[in-house]
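In the working numbering, the protein residues as written are 1 to 474.
Here's the structure we're looking at; comments come further down.
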């Protein structure tokens, strides 16, 4: 794109914006001129994604004036919020219950529109898979592919959910577009995500400007590196099947399991056992089978009913009902967190007590025992002072801690953590890890901690299942 514009891409003057319930951006003024490369930064809850929503026409303006280039449309925004909305739409429109086979929904090819672009982002062979059948990292690649040739990019934490290979691919694409003069706006809490070509920085805090100007004059007020030093190195086993220890009951048992979608096989002849109280780190790059494994455990995969899959010593179906599975197994991920994004007029305590009802918010009055248990776990995690705080007034990191409390309050036998620190800044991640290790050890909870980041090390001792190494995708 040539810099033929004589006017700015974006010009804001004292803009205050939000949705119909509250304001989230306050008195913002900003001019984005051709030739400038801006990074918008700040910790969780600073207003970065809200700014992206405003620029793509998804917020109400309470006051101020603005002009935005008409070519900056919603497809320019690449981030978890657009992904969440699309997945929710796919689930609402799922016809599996009324058809004789699983409904794939919108396929990757239909979403992107080009086999060539799918190949460029590493999704060759996934053209016919539905978006809801893609792994977290593959879905992010699909969104990158859809925006591949957009005239503008708004990159909202662009490398979250991507393995090292995909990150390198996207970095090269970003650098090439910057060299060609294409307008790109970076939104990230992590300094290491900023490319060398950044000329200007805009730091936000609670929806307000605390710095705006040349990168050379910027000293970060709230943003820190998200690189977490390893506290311990988990033992990596040579075989995916550990030897049985003691007489602890089996929680998970996979015997020669093969699973995938259609003709695409993801897990093949997979065997693995997990016993009560064990803590496992499941890792590997995008597409190696982490999401498929979790969906087999949670019962969301159509092949979860095969004979080789046993949960709590039982096969899904007549032996293990959906109700029993969900009463004994808790699940936490960035996707789960996104389902609570639009929760209003509900306190943290109410969110935690709703865990007893498997609901987002309480649908009936909790019992005295449930309230007592909820207050006790909030106290154990250092959240007592926030118990009566409205959910929407909590930072993103405190919300994630609250969801961990919600997952554990029912004392589940199994806790599934799918990229649980995705989207958290360093401080929030440290608090989460500390709470996780103390509470799950105290409760003897069986834990599966899934990540694509090879450097990520949850606190405490974990055995490791490396699906990337197992299937030659490391």
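Beta carbons are placed, not taken as given, at the ideal position from N, Cα and C, and that holds for glycine.
As the structure is a prediction and not an experimental result, all values here were calculated from the model.
The alpha carbon of residue 216 has as its nearest neighbour, out of 404, 435, 188 and 38, the alpha carbon of 38. Across the set 337, 200 and 332, the C-alpha of 332 shows the shortest separation from the C-alpha of residue 415. Residue 17: member of the beta strand (DSSP E) spanning 10-18, first to last residue. Taking a cut-off of 8 Å on C-beta distances, the segment 447-466 does not touch the segment 188-204, as fewer than three cross pairs fall below it. Note that the segment 160-177 does not touch the segment 313-327; fewer than 3 beta-carbon pairs, one per stretch, sit closer than 8 Å. Between the C-alpha atoms of residue 274 and residue 418 there is a straight-line separation of about 17 Å.
A residue is called buried once 16 or more other Cβ atoms fall within 10 Å of its Cβ, and residue 132 is buried on that count. The DSSP assignment places 250-261, 264-275 and 279-283 as complete runs of the beta strand (DSSP E) inside the segment 242-304, in order along the chain (cut-off: 3 residues). Counting C-beta pairs closer than 8 Å gives fewer than three between the segment 436-450 and the segment 349-357, which falls short of the contact rule. In the three-state DSSP reduction, residue 24 falls in the strand class (E or B). At the C-beta level, residue 348 and residue 410 stay beyond 9 Å of one another. Distances from the CA of residue 191 to each of 404, 142, 219 and 429 were compared; the closest alpha carbon is that of 219. Residue environment: residue 305 is assigned as exposed (fewer than 16 neighbouring CB atoms within 10 Å of its CB, all protein chains considered). The segment 319-360 contains, as complete beta strand (DSSP E) runs of 3+ residues, the segments 329-333 (chain order). Under the three-state reduction of DSSP output, residue 410 falls in the coil class, being neither helix nor strand. Under the three-state reduction of DSSP output, residue 79 falls in the coil class, being neither helix nor strand. Per DSSP, the beta bridge partners of residue 130 are 107. Spanning the alpha carbons of residue 49 and residue 173 requires a straight line of approximately 22 Å. The alpha carbon of residue 297 has as its nearest neighbour, out of 251, 283, 339 and 342, the alpha carbon of 251.
For residue 172, there is no enclosing beta strand (DSSP E); the enclosing alpha helix (DSSP H) covers residues 164-179.
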